[in-house]
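Anchor point for the sequence shown: position 127 equals 127 in our numbering, and the numbering is continuous, going up by one each time.
All C-beta atoms in this analysis are idealised placements derived from N, C-alpha and C, irrespective of residue type, glycine included.
Since this is a predicted model, take the numbers as computed values, not measurements.
Each remark here refers to the structure printed beneath this line.
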Amino acid sequence: MGAYAAAVTVKMHGLPIWAGFIAAALAGVVLSLMFARTMVLRGIYFSIVSLALAVICRLLIAAMPEDVAGGSYGISLGFSNPDGAYYAMLALMLATLLTVTWLAQSRLGMALRAIRDDPDTAETVGINIGTVRLKAWVLSAVIASMTGAIEAWYTSIVDTETAFNLLVSTKAVIFAVAGGLGTVIGPVVGTVVMLIVDDLIWQHFPVLNVFLLGLVIVLLMMFLPSGIVGSLIRRKPFLRRILF
Numbered sequence: 001m002g003a004y005a006a007a008v009t010v011k012m013h014g015l016p017i018w019a020g021f022i023a024a025a026l027a028g029v030v031l032s033l034m035f036a037r038t039m040v041l042r043g044i045y046f047s048i049v050s051l052a053l054a055v056i057c058r059l060l061i062a063a064m065p066e067d068v069a070g071g072s073y074g075i076s077l078g079f080s081n082p083d084g085a086y087y088a089m090l091a092l093m094l095a096t097l098l099t100v101t102w103l104a105q106s107r108l109g110m111a112l113r114a115i116r117d118d119p120d121t122a123e124t125v126g127i128n129i130g131t132v133r134l135k136a137w138v139l140s141a142v143i144a145s146m147t148g149a150i151e152a153w154y155t156s157i158v159d160t161e162t163a164f165n166l167l168v169s170t171k172a173v174i175f176a177v178a179g180g181l182g183t184v185i186g187p188v189v190g191t192v193v194m195l196i197v198d199d200l201i202w203q204h205f206p207v208l209n210v211f212l213l214g215l216v217i218v219l220l221m222m223f224l225p226s227g228i229v230g231s232l233i234r235r236k237p238f239l240r241r242i243l244f
């Protein structure tokens, strides 16, 4: 939705791209609050509802009049800036890493870990589970929306096929998990490694790309259940001091 918020702001209202970024962040906040009730779900149920919400948003935007959100044809910004978008995405990535690093050492981060490990015990010691989860939910939504806005600036075209591509969304989550949860560097390592693997598979086996990538992920989860970095730390505990 961040891509659409930025595109509507820039194309429909004639505002500069930085205004589109602000609109994308605000859209992330609003939507995360609208769907905050889904946080009560866990595991596979939360994943199913998340995918369903993406499909619903895609259908709603496609059904809208073209003068509102471009309809099924999408919105063309009329300009693109690949170099500017690259540095903007790099800045967002660094800001995200710094934020997550700070979060891991903050009271909010400790509360999130406590909820992850044992929600009942966390609630017993006075942690407001709903509030803590909502803060993390809103923060992640803002980052995702900003990413979409920068992607729109890069491609100059926003449509329902690219903005709500379930394969891309699924890959983003799986690549992060492949690196190992519980560390800042884990998702980064997982994303870099899996993107290289994905690119190699695509170059040599384009028809079987999705199948072979899925096979690699299954094997990775079988032999490295804690992810690349997570499994490395489990075998070499002293690395936890180095791999934040």
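Select from Phe205, Ile228, Ala149, Thr160 the residue whose C-alpha is nearest the C-alpha of Ala178. Comparing Cα-Cα distances from Ala178 to each of Phe205, Ile228, Ala149, Thr160, the minimum goes to Ile228.
Three or more C-beta pairs below 8 Å linking the region 94-107 and the region 116-130: With a cut-off of 8 Å, the region 116-130 and the region 94-107 do not count as touching, because too few Cβ pairs lie within range.
Going by the beta-carbon positions, is the gap between Leu103 and Val132 smaller than 8 Å? Against a cut-off of 8 Å, the Cβ pair of Val132 and Leu103 comes out as no contact.
Could you have a look at Val207 and say whether DSSP puts it in helix, strand or coil? Per DSSP, reduced to three states, the secondary structure at Val207 is coil, with no helix or strand assignment.
Give me the DSSP bridge partner(s) of Ile75. Val158, per the DSSP bridge assignment.
Reference Ile22; option with closest CA among Val142, Tyr45, Leu33, Val125: Between Ile22 and the set Val142, Tyr45, Leu33, Val125, the nearest pair of CA atoms involves Val142.
Please confirm whether Leu31 and Met1 have their CB atoms less than 8 Å apart. Cβ atoms of Leu31 and Met1: closer than 8 Å.
Does the distance from the CB of Tyr45 to the CB of Ala163 come in under 8 Å? No, the pair does not count as a contact, with Cβ atoms beyond the cut-off.
Tell me which same chain residues have a C-beta within less than 7 Å of the C-beta of Ala136, skipping the five on either side of it? Non-local C-beta neighbours of Ala136 in its own chain, meaning closer than 7 Å and more than five positions away in sequence, comprise Leu112, ordered along the chain.
By the 10 Å Cβ neighbour count, where 16 or more other Cβ atoms means buried, how is Val10 classified, buried or exposed? Result: buried.
Under a three-way DSSP split, which group does Met39 fall into? Note: Met39 maps to helix in three-state DSSP.
Can you give me the Cβ contacts of Ala88 inside the same chain, cut-off strictly under 6 Å, excluding the 5 residues immediately before and after it? Correct list, in chain order: Ile150.
Given 8 Å as the limit, is there contact between the region 152-159 and the region 76-84, that is, 3 or more CB pairs closer than that? Three or more beta-carbon pairs separated by less than 8 Å link the region 152-159 to the region 76-84, which places the two stretches in contact.
Below 8 Å between beta carbons: does that hold for Ser145 and Ala27? Ala27 sits close to Ser145, with the two beta carbons spaced by under 8 Å.
Please report the Cβ distance between Leu213 and Ile201, rounded to the nearest whole angstrom; I am assuming they are in contact, meaning their Cβ atoms lie under 8 Å. Yes, they are in contact, since the Cβ atoms of Leu213 and Ile201 sit about 6 Å apart, within 8 Å.
Quick check on Lys171: buried or exposed, where buried means 16 or more other Cβ atoms within 10 Å of its Cβ? Counting C-beta atoms within 10 angstroms of its own C-beta, Lys171 has 16 or more neighbours from the protein chains shown and is therefore classed as buried.
Ala159: which of Leu15, Ala25, Met64 sits nearest, CA to CA? Looking at the sequence provided, one finds Asp at residue 159 rather than Ala. The candidate whose alpha carbon is nearest that of Asp159 is Met64.
Could I get the ranges of all uninterrupted alpha helix (DSSP H) runs contained in the region 160-199, with 4 residues as the minimum, in chain order? Counting whole runs of 4 or more residues, the region 160-199 contains the alpha helix (DSSP H) stretches 160-163, 166-179.
Quick one: residues in its chain with C-beta nearer than 8 Å to the C-beta of Leu167, no 5 flanking neighbours on either side, listed in chain order? The answer, listed in chain order, is Val210.
I'd like the span of the alpha helix (DSSP H) that includes Pro119, first residue to last. Residue range 119-124 is occupied by the alpha helix (DSSP H) that includes Pro119.
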